[in-house]
Amino acid sequence: MGPLSALLAPFQDIVQNPTFFAEVLIGGVAAGLMYSLVALGFVLIFKASGVFNFAQGVMVLFAALTLVGLMERGLPVPAALVVTALVMVALAVGIERAVLRPLVNQAPIILFMATIGLTFFLEGFGELLWGSNVKRLDVGIPDESVKVAGVLVNKLEMTAALTAGILVAALAVFFQRTRIGRALRAVADDHEAALSLGIPLKTIWVIVWAVAGLVGIVAGIMWGAKSGVQFSLSLIALKALPVLILGGFTSVPGAIVGGLIIGVGEKTAEVYWGPLVGGAIENWFAYVLALAFLLVRPQGLFGERIIERV
Amino acid sequence: MIYREAGYFKTTYAADQAVFPILQDRIFVAALLVLAFLLPPLAFSEYWLQAVLIPFLVYALAALGLNILTGYAGQLSLGTGGFMAVGAYSAFKISTAFPDLNILLVFPLAGLAAAGVGLLFGIPSLRIKGFYLAVATLAAQFFLIWLFNKVPWFVNYAPSGTISAPPRTVFGVMVTGPEATAAARYVVALGLVVVFGWVAKNLVRGRVGRAWMAIRDRDIAAEIIGVRPLRTKLLAFGISSFYCGMAGAGLVFLYLGSAETLAFDINVSFLVLFMVIIGGLGSVLGSFLGAGFIILIPIFLTNVPHWLGLPMSVALQKQLELMIFGALILFFLIVEPHGLARLWQITKEKLRRWPFPY
Amino acid sequence: MSEGRPLLEVQGVSVRFGALLALSRVSLEIRRGEILAIIGPNGAGKTTLLNVISGFYHPFEGRLLFEGRDRTRLAPPDVAALGIARTFQNVALFKGMSVLDNIMTGRLLKMRGSFLLDAVWFGPARRQELEHRAFVERIIDFLEIQAIRKTPAGRLPYGLQKRVELGRALAAEPKLLLLDEPMAGMNVEEKEDMCRFILDVNEEFGTTIALIEHDMGVVMDVSDRVVVLDYGRKIADGPPAAVRTDPAVLDAYLGVSHEVA
Numbered sequence: 001m002g003p004l005s006a007l008l009a010p011f012q013d014i015v016q017n018p019t020f021f022a023e024v025l026i027g028g029v030a031a032g033l034m035y036s037l038v039a040l041g042f043v044l045i046f047k048a049s050g051v052f053n054f055a056q057g058v059m060v061l062f063a064a065l066t067l068v069g070l071m072e073r074g075l076p077v078p079a080a081l082v083v084t085a086l087v088m089v090a091l092a093v094g095i096e097r098a099v100l101r102p103l104v105n106q107a108p109i110i111l112f113m114a115t116i117g118l119t120f121f122l123e124g125f126g127e128l129l130w131g132s133n134v135k136r137l138d139v140g141i142p143d144e145s146v147k148v149a150g151v152l153v154n155k156l157e158m159t160a161a162l163t164a165g166i167l168v169a170a171l172a173v174f175f176q177r178t179r180i181g182r183a184l185r186a187v188a189d190d191h192e193a194a195l196s197l198g199i200p201l202k203t204i205w206v207i208v209w210a211v212a213g214l215v216g217i218v219a220g221i222m223w224g225a226k227s228g229v230q231f232s233l234s235l236i237a238l239k240a241l242p243v244l245i246l247g248g249f250t251s252v253p254g255a256i257v258g259g260l261i262i263g264v265g266e267k268t269a270e271v272y273w274g275p276l277v278g279g280a281i282e283n284w285f286a287y288v289l290a291l292a293f294l295l296v297r298p299q300g301l302f303g304e305r306i307i308e309r310v
Numbered sequence: 311m312i313y314r315e316a317g318y319f320k321t322t323y324a325a326d327q328a329v330f331p332i333l334q335d336r337i338f339v340a341a342l343l344v345l346a347f348l349l350p351p352l353a354f355s356e357y358w359l360q361a362v363l364i365p366f367l368v369y370a371l372a373a374l375g376l377n378i379l380t381g382y383a384g385q386l387s388l389g390t391g392g393f394m395a396v397g398a399y400s401a402f403k404i405s406t407a408f409p410d411l412n413i414l415l416v417f418p419l420a421g422l423a424a425a426g427v428g429l430l431f432g433i434p435s436l437r438i439k440g441f442y443l444a445v446a447t448l449a450a451q452f453f454l455i456w457l458f459n460k461v462p463w464f465v466n467y468a469p470s471g472t473i474s475a476p477p478r479t480v481f482g483v484m485v486t487g488p489e490a491t492a493a494a495r496y497v498v499a500l501g502l503v504v505v506f507g508w509v510a511k512n513l514v515r516g517r518v519g520r521a522w523m524a525i526r527d528r529d530i531a532a533e534i535i536g537v538r539p540l541r542t543k544l545l546a547f548g549i550s551s552f553y554c555g556m557a558g559a560g561l562v563f564l565y566l567g568s569a570e571t572l573a574f575d576i577n578v579s580f581l582v583l584f585m586v587i588i589g590g591l592g593s594v595l596g597s598f599l600g601a602g603f604i605i606l607i608p609i610f611l612t613n614v615p616h617w618l619g620l621p622m623s624v625a626l627q628k629q630l631e632l633m634i635f636g637a638l639i640l641f642f643l644i645v646e647p648h649g650l651a652r653l654w655q656i657t658k659e660k661l662r663r664w665p666f667p668y
Numbered sequence: 669m670s671e672g673r674p675l676l677e678v679q680g681v682s683v684r685f686g687a688l689l690a691l692s693r694v695s696l697e698i699r700r701g702e703i704l705a706i707i708g709p710n711g712a713g714k715t716t717l718l719n720v721i722s723g724f725y726h727p728f729e730g731r732l733l734f735e736g737r738d739r740t741r742l743a744p745p746d747v748a749a750l751g752i753a754r755t756f757q758n759v760a761l762f763k764g765m766s767v768l769d770n771i772m773t774g775r776l777l778k779m780r781g782s783f784l785l786d787a788v789w790f791g792p793a794r795r796q797e798l799e800h801r802a803f804v805e806r807i808i809d810f811l812e813i814q815a816i817r818k819t820p821a822g823r824l825p826y827g828l829q830k831r832v833e834l835g836r837a838l839a840a841e842p843k844l845l846l847l848d849e850p851m852a853g854m855n856v857e858e859k860e861d862m863c864r865f866i867l868d869v870n871e872e873f874g875t876t877i878a879l880i881e882h883d884m885g886v887v888m889d890v891s892d893r894v895v896v897l898d899y900g901r902k903i904a905d906g907p908p909a910a911v912r913t914d915p916a917v918l919d920a921y922l923g924v925s926h927e928v929a
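Protein chains in written order, with my numbering: chain A, 1 to 310; chain W, 311 to 668; chain P, 669 to 929.
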């Protein structure tokens, strides 16, 4: 087979086996939604504080670790959830005090690097507290597949998708309709102006980081149930970056759309074209896709064009 | 007093432009260099050479490279590991394909290969800025590592998937390969660092460095004075990757002896970024200080509890390392964003005036 | 004074930002060797005009001619290469660099050579560096900022930053110097100094200068001609004394009610 026909063959395969393709798509959608969950946390924080929180992935990990750790020590699931939520709130307070407040006037790139430092710190700290072996996270939803309309669908993935959908809807309403949501948008737009309107910046930031932490719990549960709670979870943060590029850094629906595109794109590329080049395309596909996208549209699908005033 | 800065007036612009304007400084540095070349090979233990000095020199090169790109030109890059890998694998292919080629030439050639790749991945930098560019460099990082993993040609079809430094000599002394002594490898590394460190200093203090800093500080204003953004950024990517490529080659040929792609993964990119942040963005001295600092922390953590009689498991050590790195980054960003280099400057100024407070 | 063909001609230039018409068929000329003041209320389009000349915006209609040749669609670095330098309303200095380095960046277009020569330093690169350093030091002397030459620009008070920015523009030995509110935020003494520098630059080096200015006293003292913009249109053009009494200008800008003369 010449190289061109080899490249085109998968398209034939898709047409000839639509059921399988549907399954791959669904798998991609599910994976994409998992990424979106992580990206949501990013978007929240960026929308409200302008900080690009590289530590989002490790926050997901930390949340999952805490939850599992508590459950392992015998706490029943509801109690463990509440305690984990409190821990994430405490973490948000700590981050606001130790990282955000001292760096409030610095350039965004400094804040970004600070979140990288935070990532490493939390990774080490989490491992210190809860140990480094992989843990199983059982939330009572079996990781098994069911045939729906002739297509194989995974229960866990569907639950995750549903949860993500509900979360996004809730957050969208939160931002658009509630008073706090409006205040958050004001803060994201212009810190100083918001301050002068009497919006309590510090409280807002704690709220936002806490909410992002709670979103992190959800993401952590979903990811942890699927692949176990382990340190590669923090690498998910990196994967969320292409999602954000596609969807824009400030758009909640964008995080979903971006996640879907990345998830579906990755899975399809890996399944159909991966074998041509020895597999593991998933390692870089998302980033290269994001890069290609940036070249065409530097602000992403939903992002705002950055206009610099001279 | 022997060391005196006061009363020494620079009477020519040439004197002002010099890297070490004060004569005592110049003598000091010259002596230090001579000492650096002679003392460690003769007097230091294998451990110090192998575990501290050689990695310090290799990572200092990488830190110089990243500092040029991120510290001077303001282009955030998370792809350092990938560019180092290009250098390492190029060096391997070149030296195995041309066994008679002097190994000292292989390093800059590997650097050139990495520079080429760097230029390619730098092209998007005209349209893409800031965090977005960082994500683009991640594309470089992950793609390059995948490439070196997947294509067996790069490892000369070795089943183990690793590359090893072939034995090579310079003036009859074995400098790479299993037979090479740490002392020999150290001298080669030091030579590379001295030469290319000097080159880096020359670049950043003149026309090119100013163009980079202009792009970094205010790229719109830079255009007004005639800086061409794409050309300047590409130059930064190219030269930065050259240094990272040499560092990668040094990592395998002079430090580890053999390596696989794991030695160049995303963690290395972060590690070098930490060196540059802690050492000081936009400072040649800072690159060295940062590299030394980061290299020493794990050494410290391994040895100090041992000296104090406290046992520490390897896992705990790793965890503390992560926490300390993270905390240090935060500390420096909050307290002294210009890093160790600036702290050093402040210390010098205070010493000048000591014991007078002003 | 001004002679011969105008240095810069703006012909019917219009600039639009989305639905907003920032400049509407503006035509003016800047004559060689003169000092032209551009005045008008806030939002009149003065900075936009400078930005069009600098190449940041391209007009959707009209032409720009520099030294008689069409230069409408140039990018900013090409405009700099023509010999046009400028300062900004909000001081666009390179905050991380020293004053000396900032002004040296102004010499960039005059510096030749490749980075390979720079890498080696000794030889042509060093010689060139020293030559340009000598030139920049003359500018530093002229602007009386010797004491702060090594200070990082970000640490200077506003007035001095503006002076340094002028120095950077002068370093390029421009044919046309565009100054955007060079005296904004200065006290009386600083304004006098700045006026003196501007006049000196014009007299000693023959540099053509166009400046945006709000202080009418300065405008009267310094400029040879005045152009008045309002809502993106030119409403007056002439010697300062004439413009000062032009009824359209009085209406729009100076806010003095018409008196029966």
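Beta carbons: idealized from backbone N, C-alpha and C, even for Gly.
Does DSSP put residue i in a helix, in a strand, or in coil?
i      : result
W/L513 : helix
P/G680 : strand
W/I312 : Residue confidence is low: W/I312 scores 45 on pLDDT, short of 50, so the model does not pin down where it sits. Its coordinate-derived value is still stated next. The answer is coil: DSSP assigns W/I312 none of H, G, I, E or B.
A/A312 : Outside the displayed range of chain A (1 to 310) lies residue 312 of chain A, so it cannot be described from this structure.
P/L688 : strand
A/A55  : coil
P/E927 : Since pLDDT at P/E927 reaches only 46, below the 50 mark, its modelled position is unreliable, and the value read off the structure follows with that caveat. Reduced to three states, the DSSP call for P/E927 is coil.
P/L847 : strand
A/P10  : helix
P/E805 : helix
A/V310 : Because A/V310 carries a pLDDT of 46, less than 50, the predicted location of this residue cannot be relied on, and no value is offered for it.
A/A169 : helix
P/D932 : There is no way to answer for residue 932 of chain P, as the model of chain P reaches only from 669 to 929.
A/L103 : coil
A/V215 : helix
Ends of the beta strand (DSSP E) at residue i?
i      : result
W/G592 : No beta strand (DSSP E) contains W/G592, which DSSP labels as neither H nor E.
P/G906 : 901-906
P/D868 : First-last for P/D868: 856-873, but that is the alpha helix (DSSP H), not the beta strand (DSSP E).
W/A557 : Segment 539-560 is the alpha helix (DSSP H) holding W/A557; no beta strand (DSSP E) there.
W/V465 : From DSSP, W/V465 is part of no beta strand (DSSP E); its letter is neither H nor E.
Using C-beta distances below 7 angstroms, list every residue in its chain close to residue i, excluding the 5 sequence neighbours before and after it, in chain order.
i      : result
A/T163 : V218, M222
A/A6   : L276
W/I605 : V362, P365, F366, Y369
Return the first residue and the last residue of the alpha helix (DSSP H) that residue i is part of.
i      : result
W/G426 : 413-432
W/L639 : Reading off the sequence, residue 639 of chain W comes out as Ile, not Leu. It spans 624-645 - the alpha helix (DSSP H) in which W/I639 sits, taken as one unbroken run.
W/T472 : Per DSSP, W/T472 belongs to no alpha helix (DSSP H) and is neither H nor E.
W/T657 : 649-663
Can you tell me which residues form a DSSP beta bridge with residue i?
i      : result
W/N577 : Note: W/N577 sits in no beta bridge, so no partner.
P/E729 : P/S682
P/G753 : The displayed chain sequence assigns Ala, not Gly, to residue 753 of chain P. Bridge partners of P/A753: P/L845.
Starting from the C-beta of residue i, find all residues in its chain whose C-beta is less than 6 angstroms away, skip the five residues before and the five after it, and write them out in chain order.
i      : result
A/E308 : The pLDDT assigned to A/E308 is 49, lower than 50, so where the model puts this residue is not dependable; a value taken from the coordinates is nonetheless given after this. Here the set comprises nothing.
A/V243 : Y35, A39, G258, G259, I262
W/N377 : V586, S597
P/I706 : K714, I880, V895
Does the distance between the C-beta of residue i and the nearest non-hydrogen atom of the ligand COA fall short of 7 angstroms?
i      : result
P/A753 : The ligand COA is not among the ligands present in this structure, which contains no ligands whatsoever.
Cutting at 8 angstroms between CB atoms, please list the residues of its own chain near residue i, excluding the five before and the five after it.
i      : result
W/L386 : T380, G440, F441, L443, A444, T447
- Message: Closer than 8 angstroms is the cut-off here; do at least three beta carbon pairs connect the segment 283-295 of chain A with the segment 432-449 of chain W?
- Response: yes
- Message: For the segment 738-758 of chain P against the segment 832-847 of chain P, do three or more pairs of beta-carbon atoms, one drawn from each stretch, fall closer than 8 angstroms, so that the two count as touching?
- Response: yes
- Query: For the 8 angstroms Cβ check, are there 3 or more pairs between the segment 464-482 of chain W and the segment 551-571 of chain W?
  - Reply: yes
- Taking three-plus beta-carbon pairs below 8 angstroms as touching, is the segment 757-769 of chain P in contact with the segment 826-835 of chain P? yes
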